[in-house]
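In the numbering used here, the protein residues as written are 47 to 191.
Here is the structure we will look at, set down as structure tokens.
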Amino acid sequence: MAKLVSLRITFIIVVLSLLITSGCADKIVSECDCDPIINDGNFTTFSDIQKNVFDINCTTSGCHGTEFTQANLVLVEGQSYTNLYDVQSYLYPGSKRVVPGDSENSLLIKVLKGDGVPQMPPTGKIDNALIDSIAAWIDRGALPE
């Protein structure tokens with residue numbers, strides 16, 4: 047009789063273990079082949095912005111290069127940072143091109159979004175993720191690197 051009770055208890059334990067394990071199978075934590083973390087803009091540097099935005103969209107169009115300068119703004123490498131960082135706008139007095147730590151009040155972001163001012167570049171809006179990256183850079187203080 048004791049052997050029969052012992053077998054029943056063992057059987058019940060095995061069945062319960064299987065039920066618990068199968069019920070939690072989708073919640074088991076293990077090693078995974080997860081996708082890498084995507085850069086959400088928090089690591090954007092000014093050199094990234096220069097290379098991926100200004101060099102491609104602004105200086106080659108003849109608008110903000112050294113020969114033809116619209117809005118008194120040169121965006122070529124080596125000059126763009128000092129022409130943006132905490133500098134009053136030529137076209138919009140009272141507005142700064144880049145307000146360190148404050149992307150919402152930075153004219154650069156307003157121009158890229160077309161927020162109350164003509165949108166730039168005139169050839170077409172750049173990707174929102176890129177604009178968000180630039181805004182994150184400004185909000186972190188708009189450091190030169």
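Here a beta-carbon is modelled for each residue, glycine too, at the ideal position from N, C-alpha and C.
Beta-bridge partners of residue i, as assigned by DSSP
| i | result |
| --- | --- |
| Val144 | Tyr131 |
| Thr115 | His110 |
Within 9 angstroms, strictly: CB atoms of residue i and residue j
| i | j | result |
| --- | --- | --- |
| Ile155 | Ile172 | no |
| Asn129 | Leu137 | no |
| Phe100 | Glu191 | no |
| Gly147 | Asp94 | no |
| Ser149 | Ile180 | yes |
| Asn151 | Val157 | no |
| Gly108 | Leu121 | no |
| Gln96 | Ser126 | yes |
Rounded Cβ spacing between residue i and residue j (contact assumed at less than 8 angstroms)
| i | j | result |
| --- | --- | --- |
| Asn98 | Pro167 | Asn98 to Pro167, Cβ: 13 angstroms. No contact. |
| Thr105 | Trp183 | In fact, because the Cβ distance is near 19 angstroms, the residues do not count as touching under 8 angstroms. |
| Ala188 | Tyr131 | 6 angstroms |
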